[in-house]
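Sequences listed follow chains A and B, in order. Residue 1 is where the first sequence starts when you use the numbering used here, and the numbers rise one by one after that. Residue 308 is where the second sequence starts when you use the numbering used here, and the numbers rise one by one after that. All residues carry an ideal CB built from backbone N, CA and C; glycine is no exception.
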Amino acid sequence: MSSVALAGNVASAAARRARSEDRTAWLLAAPAIVLLLLFVLLPVAAVIFLGFTDFELGYGKFRFVGFENYAHLLNDRTFRRSLWNTSVYTAVVAPVSIVLGLGVALLIEGEGRARGFFRTVYFLPVASLIVAMATVWQYIFHPTIGPLNALLSLVGVPGPNWLGASNTVLYSLSIIGIWQSVGFNMVLFLAGLTAIPRELYAAAHVDGAKSALDRFFLVTWPMLGPTTLFVVTISITNAVKVFETVKMLTDGGPNKASEVLLFTIYQEGFVYLRVGYASAMTVVFLAILVVLMLLQYRVLDRRVHYT
Amino acid sequence: MTSIPAGRIIRFALLSFGALMILAPYIFMISTAGKTQSDIFTSSLALIPQHFYFAENFAKAFAKVPMATLLWNGVIVCGLIFFFQVVVAIPCAYAMANLKFRAARLMMVLVMLGLLVPIHATALPLYVAFDRMSLLNSYTSLVAPFTISVFAIFMFLQFFRAMPDDLLHAARLDGMSELGIVARVIVPNAWPAVTAFAIFSVVAHWNDLYWPLIVVSKQAYATPPLGLMYFRAAEAGDDYGALMAATLIITLPLVAAFLLAQKRFVEGITMTGLKG
Chain A
1 MSSVALAGNV
11 ASAAARRARS
21 EDRTAWLLAA
31 PAIVLLLLFV
41 LLPVAAVIFL
51 GFTDFELGYG
61 KFRFVGFENY
71 AHLLNDRTFR
81 RSLWNTSVYT
91 AVVAPVSIVL
101 GLGVALLIEG
111 EGRARGFFRT
121 VYFLPVASLI
131 VAMATVWQYI
141 FHPTIGPLNA
151 LLSLVGVPGP
161 NWLGASNTVL
171 YSLSIIGIWQ
181 SVGFNMVLFL
191 AGLTAIPREL
201 YAAAHVDGAK
211 SALDRFFLVT
221 WPMLGPTTLF
231 VVTISITNAV
241 KVFETVKMLT
251 DGGPNKASEV
261 LLFTIYQEGF
271 VYLRVGYASA
281 MTVVFLAILV
291 VLMLLQYRVL
301 DRRVHYT
Chain B
308 MTSIPAGRII
318 RFALLSFGAL
328 MILAPYIFMI
338 STAGKTQSDI
348 FTSSLALIPQ
358 HFYFAENFAK
368 AFAKVPMATL
378 LWNGVIVCGL
388 IFFFQVVVAI
398 PCAYAMANLK
408 FRAARLMMVL
418 VMLGLLVPIH
428 ATALPLYVAF
438 DRMSLLNSYT
448 SLVAPFTISV
458 FAIFMFLQFF
468 RAMPDDLLHA
478 ARLDGMSELG
488 IVARVIVPNA
498 WPAVTAFAIF
508 SVVAHWNDLY
518 WPLIVVSKQA
528 YATPPLGLMY
538 FRAAEAGDDY
548 GALMAATLII
558 TLPLVAAFLL
568 AQKRFVEGIT
578 MTGLKG
């Protein structure tokens with residue numbers, strides 16, 4: 001009898017403790033939950049909602065327009081141009097900065113005394129104000145007084161109008177993008193490289209992988225899988241989010257040749273104040289980010305694992 | 308000579324060439340900041356200025372850009388953002404990782420969703436709301452949207468899960484309240500994660516142009532990137548000497564911090580990995 005009562009007491013005491021712990025947890029998490037609702041969840045819901053309206057800042061009234069904004073987007077030449085330019089920029093910047101980042105990491109990994117120096121140098125752009133460095137690049141790319149074209153004319157090559165011509169502007173911006181992200185990717189790859197156990201290389205050597213290239217494909221590349229996937233996703237998302245250099249140097253020009261997604265959203269929403277239409281664009285932007293994340297999870301599930 | 312293998316020479320040469328490419332903009336920035344206008348127009352490849360014009364260019368930059376205000380705004384905004392992010396995220400991460408929290412699962416889903424949403428996606432409704440509340444051009448509008456960092460929650464969560472439970476049991480046996488445990492046991496032990504996150508957060512917000520550009524239109528609240536943009540727009544012309552001087556001053560604080568605390572920087576970025 002008494003033992004049953006005692007067990008019941010213990011059980012209810014445990015339950016009481018669990019309840020009070022749960023209450024404390026709610027209290028501790030409450031500020032985060034409130035702010036998350038206020039600054040993330042509600043705004044996302046609002047963007048989706050506004051995308052179905054013709055809301056404009058400054059006008060009191062708005063009405064529902066259904067999918068009209070989205071239908072309009074399909075035929076909007078600026079928006080299509082902007083999607084295309086963002087894709088081109090991403091297709092250049094992401095692969096080049098990943099390959100260079102990996103290359104530099106591998107070279108630095110084998111370097112002896114100068115290792116710390118090189119790591120510092122390559123990482124410098126990550127710690128530099130990109131808006132400020134963009135103005136330096138503008139000077140370097142200047143068609144008449146810029147050092148780059150002065151250098152080219154020394155070897156007798158007529159330099160292009162880097163940021164001023166519609167056929168080169170996107171690639172000039174890509175150069176800045178690559179310059180900025182190589183060091184970031186390098187640091188991530190370096191972290192991945194140091195996590196590879198040394199014995200694996202010794203084992204590969206015993207197994208007949210004599211050349212550095214053999215060892216790379218037998219050990220380094222497969223072991224680097226998770227890091228590479230991470231770097232690929234981050235590089236693509238960062239490239240899709242390009243804005244600072246465009247706003248600073250070209251304003252989307254010349255002739256919309258450097259209109260990119262975030263710049264177009266910025267113009268529509270915050271300059272022309274067509275919030276409804278810009279919201280529809282934002283939804284497309286968010287959809288792109290969601291697809292990128294889903295792709296990452298799929299690959300993660302399928303291939304990238306080791307024991 | 309023959310004792311140095313060719314592979315090492317090639318590696319060193321490649322690394323040096325790359326390093327030169329990375330450093331080129333900095334070299335030209337410093338060199339141009341010391342040139343006269345005519346120098347800039349005639350000899351762009353000469354790295355050493357013909358007439359040392361550093362003092363004049365810096366004076367011009369300081370006269371036209373309220374440098375102290377910009378840097379002060381940058382420090383205030385980044386400092387406040389970091390403070391709130393940590394104060395909000397640590398208790399939440401602790402509750403999710405170390406307490407019997409029935410909503411922990413749901414919170415995890417929210418955090419993962421939040422990781423996906425950058426400020427660019429929430430900017431429109433937030434702008435409309437701040438406009439309605441007449442909060443544009445204020446520190447509040449610059450700081451508020453970033454007080455919640457799901458990334459901070461995510462990072463601290465992983466850090467706390469790896470922390471030994473004995474530490475918490477001992478503190479509870481001593482009769483500490485949960486809030487006391489967070490303040491006196493968790494925070495001091497989470498220091499490496501806090502510094503790593505500090506570097507991530509400050510780099511991201513010191514550099515951000517998008518949000519300040521949207522909510523600020525007055526010089527008085529401009530952050531460094533925004534101030535530099537105003538200066539460039541106002542100068543418009545080709546006074547690259549003064550522009551490079553201003554660029555140099557504005558880039559310097561973070562670069563100096565990086566050079567002083569390199570190891571922490573690299574660790575911080577590796578640990579946090581994400582950007583923006």
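At least 3 beta-carbon pairs within less than 8 Å: the stretch 209 to 229 of chain A vs the stretch 80 to 94 of chain A
They do not touch, by the three-pair rule.
Relative to chain A, which residues along the stretch 383 to 399 of chain B have a C-beta separation below 7 Å, given in chain order?
Cβ contacts with chain A come from Val395, Ala396, Pro398 and Cys399.
Between the C-alpha atoms of Ala257 (chain A) and Ser87 (chain A), what's the straight-line distance to the nearest angstrom?
Within the first sequence, numbered from 1, the residue matching residue 257 (chain A) stands at position 257. Within the first sequence, numbered from 1, the residue matching residue 87 (chain A) stands at position 87. So the two alpha carbons sit approximately 13 Å from each other.
Of all Cβ atoms in chain A, is any one closer than 7 Å to the Cβ of Phe463 (chain B)?
The residue given as residue 463 (chain B) occupies position 156 in the second sequence. Proximity of Phe463 (chain B) to chain A, defined by a Cβ-Cβ separation below 7 Å, is not satisfied.
Gln180 (chain A): buried (16+ other C-beta within 10 angstroms of its C-beta) or exposed?
Translated into the one-based positions of the first sequence, residue 180 (chain A) becomes position 180. With 16 or more neighbouring CB atoms inside 10 Å of its own CB, Gln180 (chain A) falls in the buried class.
Determine, using beta carbons only, whether Tyr159 (chain A) and Leu152 (chain A) come nearer to each other than 7 Å.
Position 159 of the first sequence holds residue 159 (chain A). Position 152 of the first sequence holds residue 152 (chain A). Looking at the sequence provided, one finds Gly at residue 159 (chain A) rather than Tyr. Cβ atoms of Gly159 (chain A) and Leu152 (chain A): closer than 7 Å.
Label Tyr306 (chain A) either buried or exposed according to how many other C-beta atoms from any shown protein chain fall within 10 Å of its C-beta, with 16 as the threshold for buried.
Along the first sequence, read from residue 1 onward, the residue named residue 306 (chain A) stands at position 306. For Tyr306 (chain A), the predicted structure reports a pLDDT of 48, less than 50, and the residue's modelled location is therefore unreliable. A value from the coordinates is still provided. Residue environment for Tyr306 (chain A): exposed (fewer than 16 other C-beta atoms within 10 angstroms of its C-beta).
When DSSP labels each residue in this structure, what does Thr194 (chain A) get in the three-state scheme?
Here residue 194 (chain A) refers to the residue found at position 194 when the first sequence is read from its first residue. DSSP places Thr194 (chain A) in helix when its eight states are reduced to three.
Limits of the unbroken alpha helix (DSSP H) element including Leu249 (chain A):
Counting from 1 along the first sequence, the entry for residue 249 (chain A) is found at position 249. Glu244 to Leu249 is the span of the alpha helix (DSSP H), which, as asked, contains Leu249 (chain A).
Thr53 (chain A) - DSSP class collapsed to helix/strand/coil:
Here residue 53 (chain A) refers to the residue found at position 53 when the first sequence is read from its first residue. If DSSP states are grouped into helix, strand and coil, Thr53 (chain A) belongs with the strands.
Cut-off 7 Å between Cβ atoms - residues of its own chain near Thr233 (chain A), not counting five sequence neighbours on either side
For the purposes of this step, residue 233 (chain A) is taken as residue 233 along the first sequence, with counting starting at 1. Leu292 and Gln296, listed in sequence order.
Other residues of its chain near Ser279 (chain A): CB distance less than 7 Å, five sequence neighbours each side excluded:
Stepping through the first sequence from its first residue, residue 279 (chain A) is reached at position 279. Here Ser279 (chain A) has Val47, Leu50 and Gly51 as same chain residues with Cβ atoms under 7 Å from its own Cβ, once five neighbours each way along the sequence are excluded.
May I ask you to list, following chain order, the residues of the stretch 208 to 232 of chain A that have a beta carbon less than 7 Å from some beta carbon of chain B?
Listed by position along the chain: Phe230.
Use the C-beta contact count for His358 (chain B): other C-beta atoms within 10 angstroms, 16 or more gives buried, fewer gives exposed.
Your numbering for residue 358 (chain B) matches position 51 in the second sequence. It is exposed - the Cβ of His358 (chain B) has fewer than 16 other Cβ atoms within 10 Å.
Any beta carbon of chain A sitting closer than 7 Å to that of Thr554 (chain B)?
The residue you call residue 554 (chain B) lines up with position 247 of the second sequence. Closer than 7 Å: yes.
Going along chain A, which residues have a C-beta under 8 Å from Pro407 (chain B)?
Here residue 407 (chain B) is taken as the residue at index 100 of the second sequence, counted from 1. Reading the sequence as shown, one finds Lys at residue 407 (chain B) and not Pro. Simply Ala18, Glu21, Asp22 and Ala25.
Which residues, taken in chain order from the stretch 129 to 150 of chain A, show a beta carbon closer than 7 Å to some beta carbon of chain B?
The stretch 129 to 150 of chain A vs chain B, Cβ under 7 Å: Leu129, Ile130, Val131, Ala132, Met133, Thr135, Val136, Trp137, Tyr139, Ile140, Ile145, Gly146, Pro147 and Ala150.
Where does His72 (chain A) land, buried or exposed, given buried means 16+ other C-beta within 10 angstroms?
In the first sequence, the residue the question calls residue 72 (chain A) occupies position 72. Answer is exposed; the Cβ neighbour count stays below 16.
Taking 7 Å as the cut-off, decide whether the C-beta atoms of Asn514 (chain B) and Leu129 (chain A) are in contact.
Taking the second sequence and counting its residues from 1, the one referred to as residue 514 (chain B) is at position 207. Taking the first sequence and counting its residues from 1, the one referred to as residue 129 (chain A) is at position 129. In contact: Asn514 (chain B) and Leu129 (chain A) (Cβ atoms closer than 7 Å).
Which of the three DSSP states, helix, strand or coil, is assigned to Phe458 (chain B)?
Counted from its first residue, the second sequence places residue 458 (chain B) at position 151. Looking at Phe458 (chain B) - three-state DSSP - the assignment turns out to be helix.
Are the C-beta of Tyr547 (chain B) and some C-beta of chain A separated by less than 7 Å?
Against the second sequence, residue 547 (chain B) aligns to sequence position 240. Under the 7 Å criterion on CB atoms, Tyr547 (chain B) is classed as interfacial with respect to chain A.
Does the Cβ of Ser20 (chain A) have 16 or more other Cβ atoms within 10 Å, making it buried, or fewer, making it exposed?
Stepping through the first sequence from its first residue, residue 20 (chain A) is reached at position 20. With fewer than 16 other Cβ atoms within 10 Å, it is exposed.
Are the CB atoms of Phe263 (chain A) and Tyr517 (chain B) nearer to each other than 7 Å?
What you label residue 263 (chain A) is simply residue 263 of the first sequence in a count that begins at 1. What you label residue 517 (chain B) is simply residue 210 of the second sequence in a count that begins at 1. Contact: no.
Below-7 Å beta-carbon distance, Leu423 (chain B) vs any chain A residue:
The sequence position of residue 423 (chain B) within the second sequence is 116, counting from 1. Interface criterion met: the Cβ of Leu423 (chain B) is under 7 Å from a Cβ in chain A.
Have a look at B:Ala451, B:Lys570 and B:Ser456 and flag the residue whose alpha-carbon is nearest the alpha-carbon of Leu417 (chain B).
In the second sequence, the residue the question calls residue 417 (chain B) occupies position 110. Minimum Cα distance to Leu417 (chain B) is reached at B:Ser456.
Return yes when the C-beta of Ser484 (chain B) is under 6 Å from any heavy atom of the ligand COA, and no when it is not.
As for the ligand COA, it is missing from this structure, which has no ligand bound.
Suppose the cutoff is 6 Å on Cβ atoms and the five residues either side in sequence are ignored; what does the same chain contact list for Val92 (chain A) look like?
Taking the first sequence and counting its residues from 1, the one referred to as residue 92 (chain A) is at position 92. The residues are Ser174.
Could you tell me if Glu259 (chain A) is buried or exposed, where buried requires 16 or more neighbouring beta carbons within 10 angstroms of its beta carbon?
Translated into the one-based positions of the first sequence, residue 259 (chain A) becomes position 259. Glu259 (chain A) should be labelled buried.
Identify which residue in A:Trp162, A:Val283 and A:Val275 has its Cα closest to the Cα of Gly60 (chain A).
In the first sequence, the residue the question calls residue 60 (chain A) occupies position 60. It is A:Val275.
What is the DSSP secondary structure of Phe64 (chain A), reduced to helix, strand or coil?
Residue numbering aside, residue 64 (chain A) sits at position 64 when the first sequence is read from its first letter. Residue state, collapsed to three classes: strand.
Residue environment, Ala366 (chain B), which counts as buried when at least 16 other CB atoms sit within 10 Å:
Stepping through the second sequence from its first residue, residue 366 (chain B) is reached at position 59. The residue is exposed, with fewer than 16 neighbouring Cβ atoms inside 10 Å.
In chain order, what residues of the same chain have a beta carbon less than 7 Å from the beta carbon of Ser235 (chain A), not counting five sequence neighbours either side?
For the purposes of this step, residue 235 (chain A) is taken as the residue at position 235 of the first sequence. Here the set comprises Ala94, Ser97, Ile98, Ser181 and Asn185.
Contact between the stretch 332 to 346 of chain B and the stretch 488 to 508 of chain B (3+ Cβ pairs under 8 Å)
Contact between the stretch 332 to 346 of chain B and the stretch 488 to 508 of chain B is absent, because fewer than three Cβ pairs lie under 8 Å.
Can you give the Cα-Cα distance for Pro425 (chain B) and Ala203 (chain A), rounded to whole angstroms?
Translated into the one-based positions of the second sequence, residue 425 (chain B) becomes position 118. Translated into the one-based positions of the first sequence, residue 203 (chain A) becomes position 203. Distance between the alpha carbons of Pro425 (chain B) and Ala203 (chain A) is about 44 Å.
Along chain A, which residues have their Cβ under 9 Å away from the Cβ of Pro356 (chain B)?
Within the second sequence, residue 356 (chain B) is the residue found at index 49, counting from 1. Under the 9 Å cutoff, chain A gives no residues; its nearest Cβ is about 13 Å from Pro356 (chain B).
Rank A:Phe55, A:Thr250 and A:Ala105 by C-alpha distance to the C-alpha of Leu188 (chain A) and give the top, closest one.
Within the first sequence, numbered from 1, the residue matching residue 188 (chain A) stands at position 188. The shortest C-alpha to C-alpha distance from Leu188 (chain A) to any of A:Phe55, A:Thr250 and A:Ala105 is the one to A:Ala105.
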